[in-house]
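Heads up: the sequence shown at position 301 corresponds to 303 in this note's numbering, and the numbers run straight through without jumps. Below: the structure, in structure tokens.
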Amino acid sequence: MNYHRLLLRRLEEGRPLRIALLGLSKFTTMYLAQARVSPGVHVVAVGESDPEAARRAMLALGWPSEQIIAQTPEAALRQGSTCVTEDIELILRTGAIELVIESGSDAVAAVAYALQAFRARKHVIMVSTAADALVGPWLARKAREAGVVYSAAYGEAPALACELIDWARTSGFEVVAAGRSARHLPGWEFGSPDTVEERCDPPLDPERSNAAERQRVNAFLDGTKPALEMAGVANTCALMPAAGGLSFPPCGTPDLPRVLRLREDGGVLERIGQVEVVASIARNGEPVARDLGRGVFVIFRAQTEAGALRMRDWFRDYEISCDETRRYGAVYRPSQLRGLELGMAVASVGLRNEPTGSPHTWNADVASFAKRDLQTGETLEGAGGRCVYGRLLPAQDALALGALPIGLAAGARMIRDLPSGACVRWSDVELPAVSDALRLRREMENAYAPD
């Protein structure tokens with residue numbers, strides 16, 4: 003790939019990649035720990051609603067104080083330093099910034115900033131899986147129209163899974179399934195942030211266990227976050243979810259190719275080319291042996307019968323994890339380093355104009371479903387809250403249901419009662435305001451609506 007060599011060349015030529023971070027999440031904090039020592043990269047600006055807190059975080063990462071005192075992005079460009087500011091608009095107006103990393107947890111704001119960046123002819127790396135699941139295919143389209151790149155964030159599960167899928171297809175295999183592992187049990191989709199401790203392992207850090215953190219963690223445990231991630235994989239790699247959504251079969255690494263094969267062959271898949279999430283805990287609550295942790299996987303097989311016959315021997319010879327028939331093989335990555343690996347996306351986008359994953363079709367959506375009986379007048383909290391969870395559905399099924407996407411649920415007000423387990427539809431809510439995200443979503447839905 004030669005990214006490091008190319009970055010060194012950019013450094014020698016005095017034209018490093020000039021980037022900006024919008025939102026100082028855990029993910030981008032991890033990236034900043036690496037960016038400070040990455041050659042050929044200049045973090046020109048960090049946009050954060052609490053600039054002082056951002057500066058403290060950067061100091062704790064070893065950034066020299068004199069490196070983060072620039073008053074404007076323009077001053078940072080002249081000095082070779084970094085401006086930490088709450089003025090996102092100022093950052094996006096700075097012409098020399100080439101690439102923006104959007105890491106806001108609010109999907110509506112993330113979409114708005116991405117569109118502004120495209121208009122300013124800046125590439126965007128989207129960390130927010132909620133924004134990507136909401137309108138990712140249309141954001142990618144808007145980026146192409148502007149002559150820039152819209153990319154998933156390398157280090158997160160979707161980009162890592164897409165990398166394995168690309169490896170399999172480029173090697174001539176048929177992709178049977180792909181996905182990740184997660185901690186989940188049936189019934190957890192109704193879980194509340196108030197009960198996170200009962201389901202969380204390892205326990206939450208008491209110093210970080212505020213309401214926002216509990217809701218964020220709950221979005222993983224109730225299945226919403228895995229659904230958002232798998233929507234990104236499906237829409238990027240032309241895969242499909244099952245009609246009923248993710249089934250979270252308990253599965254350790256030795257059993258991946260046995261469990262994730264077609265039902266007619268004894269597995270759980272309803273189709274070839276399906277996204278799925280395996281559970282790291284068994285239905286009785288015990289840990290799965292040799293679980294995949296936070297890793298990602300791809301299941302593949304030969305595309306011809308003749309190839310399959312030879313592949314059985316080669317899978318054995320080269321110790322590829324496979325089922326008992328040796329028709330289905332698995333390759334997995336047992337970990338993700340999240341923001342510590344984001345530099346791969348920065349280099350790919352900034353040096354070669356190539357995304358590390360970008361959705362090009364709308365195959366999957368994440369719809370809102372009621373966690374409990376919802377009453378008229380209630381305001382929904384969005385992903386990980388007490389009211390709704392996100393269920394992965396084929397996009398056409400979500401469209402036919404008129405389902406409210408989970409990315410627009412936060413702040414929506416119920417205008418009719420709904421029972422627990424029901425799909426929350428557009429017609430069931432009143433949205434707080436018209437937004438770029440809502441406009442783009444409606445545009446995408448209209449484009450994909452059946453004739």
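A virtual CB, placed ideally from N, CA and C, is assigned to each residue, including glycine.
Rounded to whole angstroms, the gap between the alpha carbons of Ala424 and Arg17 is 54 Å. Rounded to the nearest angstrom, the gap between the Cα atoms of Gly409 and Glu14 is 43 Å. Here the alpha carbon of Ser249 sits roughly 7 Å from the alpha carbon of Glu278. Here Pro75 carries a helix assignment [DSSP, helix/strand/coil]. A contact is defined here as three or more CB-CB pairs under 8 Å, and the segment 221-231 meets this definition with respect to the segment 182-191. One Cα belongs to Ala98, the other to Glu76, and the distance between them is close to 8 Å.
Beyond the five residues adjoining it in sequence on each side, Lys144 comes within less than 6 Å, by CB distance, of Phe120 in the same chain, given in chain order. Rounded to the nearest whole angstrom, the C-alpha separation of Val290 and Ala369 is 29 Å. Tyr391 is classed as buried because its beta carbon has at least 16 other beta carbons within 10 Å across all chains shown. The alpha-carbon separation between Arg146 and Asn4 amounts to approximately 25 Å. Secondary structure of Gly181 (DSSP, three-state): strand. The alpha-carbon of Phe175 is positioned some 26 Å away from that of Asp367. In the three-state reduction of the DSSP assignment, Ile90 falls in the helix class.
For Val348, there is no enclosing beta strand (DSSP E); the enclosing alpha helix (DSSP H) covers residues 345-354.
In this model, Ala116 and Asp52 are separated by some 21 Å (Cα to Cα). Look at Thr381 here: in three-state DSSP terms it is strand. The residue from Tyr450, Val137, Leu258 with its alpha-carbon nearest to that of Ser323 is Leu258. Excluding sequence positions up to five before and after Phe302, its CB lies within less than 7 Å of the CB of Ala170, Phe175, Glu176, Val177, Val178, Gly331, all in the same chain and listed in chain order. For Leu63, the three-state secondary structure derived from DSSP is coil.
In this structure, Glu158 sits away from Gln36, with a CB-CB distance that is not shorter than 8 Å.
Within 10 angstroms of the beta-carbon of Tyr320 lie fewer than 16 other beta-carbons, which makes it exposed.
Fewer than three beta-carbon pairs drawn from the segment 399-406 and the segment 69-84 are found closer than 8 Å, and the two stretches are therefore not classed as touching.
Taking Gly138 as reference, the option from Pro434, His186, Ala109 with the minimal CA-CA separation is Ala109.
With a cutoff of 8 Å on beta-carbon distance, Met32 and Leu342 are scored as near each other. Shortest Cα-Cα distance from Ala236 to any of Glu165, Gly254, Gln217, Gly269 involves Glu165. Between the alpha carbons of Thr381 and Ser67 lies a gap of roughly 43 Å. By the C-beta density criterion, Ser173 is exposed, having fewer than 16 other C-beta atoms within 10 angstroms. In the structure shown, the three-state DSSP call for Pro336 is coil. The segment 303-318 and the segment 200-215 do not touch, with fewer than 3 CB-CB distances between them shorter than 8 Å.
Under the 10 Å beta carbon count, Thr378 is surrounded by fewer than 16 other beta carbons and is classified as exposed.
In this structure, the straight-line span from the alpha carbon of Arg185 to that of Glu447 is close to 32 Å. Excluding five sequence positions before and after Ile103, the CB atoms of its chain that fall closer than 6 Å to its own CB belong to Leu23, Ile127, given in chain order.
Just so you know, the alpha carbons of Leu19 and Val46 end up roughly 9 Å apart. Straight-line spacing of the CA atoms in Val280 and Leu230 works out to 15 Å. Here DSSP, grouped into helix, strand and coil, assigns Cys239 to helix.
Contact annotation: Ile21 and Gly49 have beta-carbon atoms that are not nearer than 8 Å.
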